[in-house]
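Student:
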Amino acid sequence: MNRPVSVGLVVLVILASVAGISGSVASATAGPTDPSATEPALAERQVETTADAADSSPFVSQEAQNFDNRTFDITIYENGSATWTFRYERHFANEENETEAEANFETFIERFEANETGLYDQFINRSRLLTEAGSAETGREMEATDFRRSARIEEWPSKRGVIEMSFTWNGFAAVNDGTVVAGDVFQDLYLPPGQAIAYEAGGDLTFRSIEPNGEYAGNSLESANSVQWNGQQQFVDGRPRAVLERPDSAAAGSGSGDPITAMTGADIVWYLVAGLLVTGIGIAAVVWYRRYGPGADDPAGGAGAAERSSESTRPPAATHAGASTPDADATPDSDDAAPLTDDALMTDEDRVVKLIRENGGRMKQVNIVDETGWSKSKVSMLLSDMEDDGTISKLRVGRENIISLEGFEPEATKSPFDE
């Protein structure tokens, strides 16, 4: 009986499918046959063959020579979905002929963007195989959507060719009462040297724990935006694992938040009952007073009370001509109301443009989050829309996004065809 294809082994196949694409354009289409999602036995045999032959296959060894770094970036969101980005870097300075290597990569970019290499179709097929393997392992419903690709040459900090292919993995992480747990889809995951896998906290999520220990920037895990594990490393089943949660969920769970949030259902019911009792007693007291209180037997009592009430609400007479009543004096003049500021009339896009311009035309995305006070997810979506509109440009440098206005872009964001 065939066992389910593990996510760890399918990852090896996706790695192998990118083998040799920057060594020469011709080798970009020399990948293994696409495994069909409807043929799990065939897919399993192909994956196992790739894993067993990792040391001897010239195909895999060619990949190791052509790419200096390979990273899996996994951004995890509150609903359990995740954006998987496969990033491959080739440093031209490591080549015997740097100019020729760069020219070959530029040729590959044209074919890759036109989908003439078939590499992108292989990536889509194997990404779907990943989600099927994860669903079989965890029992959760999963789906691969929102496929994207890009290929470019980056100038900073060193000149290199970069390939990125990404997709959204719906149902990647388990969600329970605001806590998001990632990692249960992995089985037999192995990272060779020169490869890394990284978890990034998306939206308002923060890291609570990780297994095994990984690398992160900052004084504490809770303040880190991402955690990375580097190869060479063999993971046990269900690892690497990360537990994430919203800051407000952590406060409620620790009991340090608003005491109202810690009330049980029974507590709330008793508070409601007590409130109704107090209201009922107050109404009964008013009715009793009107029926049996002082003046209840006086036929004119009602009229007198009405007259006194009318007098109490009547405004006092003016003491001299031109005097105004207190109510009139208390009414604010609409002309004296504070005018709206320019910032209040600005759109979110205008605020970001103004902020970047005030900082010299270029800022890190994380600094925009800090300056505006908006959430990371809001800033990310807003910047993506602005990039689509051509308002700004993005440059990814390591784990950072550099946001630039037109005319302030680093050399890395310029197309090789601008010349």
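Numbered per this note's numbering, the sequence shown spans residues 5 to 423.
Note that the Cβ used here is the ideal one computed from N, Cα and C, for glycine as well.
Does THR335 come out as helix, strand or coil in the three-state DSSP assignment?
Tutor: Taking the first residue of the sequence shown as 1, we reach residue 335 at position 331. Note on THR335: pLDDT 49, under 50, position unreliable in the model; the coordinate value appears next. Here THR335 sits in coil by DSSP.
Student: Give me whichever residues DSSP pairs with ASN174 in a beta bridge.
Tutor: As a working note, residue 174 is residue 170 in the sequence shown. Answer is GLU147.
Student: For PRO251, count neighbouring Cβ atoms within 10 angstroms of its own Cβ and tell me buried if that reaches 16, exposed if not.
Tutor: Counting from one through the sequence shown, the residue named residue 251 turns up at place 247. PRO251 should be labelled exposed.
Student: State the beta-bridge partners of GLU249 as determined by DSSP.
Tutor: The residue given as residue 249 occupies position 245 in the sequence shown. Answer by DSSP bridge pairing, in chain order: THR183 and THR210.
Student: Where do the ends of the beta strand (DSSP E) carrying MET350 lie?
Tutor: Position 346 of the sequence shown holds residue 350. Looking at the DSSP string, MET350 is not in any beta strand (DSSP E), and its letter there is neither H nor E.
Student: Determine the closest residue to TRP233 out of TRP173, ASN217 and ARG144, with distance taken between C-alpha atoms.
Tutor: Here residue 233 is taken as the residue at index 229 of the sequence shown, counted from 1. For the residues TRP173, ASN217 and ARG144, the minimum Cα distance to TRP233 belongs to ASN217.
Student: Would you mind working out which of GLY198, ASN129, ALA186 and ASN98 sits nearest GLN236, comparing C-alpha positions?
Tutor: Against the sequence shown, residue 236 aligns to sequence position 232. It is GLY198.
Student: Cβ atoms of LYS380 and GLU404: under 8 Å apart, would you say?
Tutor: Working through the sequence shown from its first residue, we reach residue 404 at position 400. Working through the sequence shown from its first residue, we reach residue 380 at position 376. No.
Student: Sort VAL166, GLU147 and ASP72 by Cα distance to ALA155 and report the nearest one.
Tutor: Residue 155 sits at position 151 when you count from the first residue of the sequence shown. For the residues VAL166, GLU147 and ASP72, the minimum Cα distance to ALA155 belongs to VAL166.
Student: Closest to THR79 by C-alpha separation, out of SER397, ASP125, ALA246 and GLU100, would be which residue?
Tutor: As a working note, residue 79 is residue 75 in the sequence shown. The closest CA to that of THR79, considering only SER397, ASP125, ALA246 and GLU100, is found on ALA246.
Student: With 16 as the cutoff for other CB atoms within 10 Å, does MET169 come out buried or exposed?
Tutor: Reading the sequence shown from its first residue, position 165 is the one you call residue 169. So MET169 ends up on the buried side.
Student: If you count every other CB in all the chains shown that lies within 10 Å of the CB of GLN238, and 16 or more means buried, which is it?
Tutor: Mapped onto the sequence shown, residue 238 falls at position 234. Exposed.
Student: Around the C-beta of PRO161, are 16 or more other C-beta atoms found within 10 angstroms, so that it is buried, or is it exposed?
Tutor: As a first step, residue 161 must be located in the sequence shown, where it is residue number 157. So PRO161 ends up on the exposed side.
Student: For GLY138 versus PHE112, is the C-beta spacing smaller than 8 Å?
Tutor: Locating residue 138 in the sequence shown gives position 134, where the first residue counts as 1. Locating residue 112 in the sequence shown gives position 108, where the first residue counts as 1. Contact flag unset, no.
Student: Is DSSP giving PHE239 helix, strand or coil here?
Tutor: Numbered from 1 along the sequence shown, position 235 holds the residue referred to as residue 239. It is coil, neither helix nor strand.
Student: DSSP three-state label for ALA221, please.
Tutor: Position 217 of the sequence shown, counted from the start, is the residue given in the question as residue 221. Three-state result, ALA221: coil.
Student: Go ahead and pull the three-state DSSP assignment for ASN363.
Tutor: Indexing the sequence shown from 1 puts residue 363 at position 359. Here ASN363 sits in coil by DSSP.
Student: Could you check what DSSP says for ASP125 in three-state terms: helix, strand or coil?
Tutor: Taking the first residue of the sequence shown as 1, we reach residue 125 at position 121. Helix, per DSSP.
Student: Do PHE71 and TRP88 count as a contact pair if the criterion is CB distance below 8 Å?
Tutor: Counting from 1 along the sequence shown, the entry for residue 88 is found at position 84. Counting from 1 along the sequence shown, the entry for residue 71 is found at position 67. Taking 8 Å as the Cβ cut-off, TRP88 and PHE71 do not qualify as a contacting pair.
Student: Using the rule of at least 16 other Cβ atoms within 10 Å of the residue's Cβ for burial, across every protein chain shown, is VAL189 buried or exposed?
Tutor: Taking the sequence shown and counting its residues from 1, one reaches residue 189 at position 185. Under this definition VAL189 is a buried residue.
Student: Distance, Cα to Cα, GLY143 vs LEU134?
Tutor: Locating residue 143 in the sequence shown gives position 139, counting from the first residue. Locating residue 134 in the sequence shown gives position 130, counting from the first residue. Their Cα atoms are separated by approximately 14 Å.
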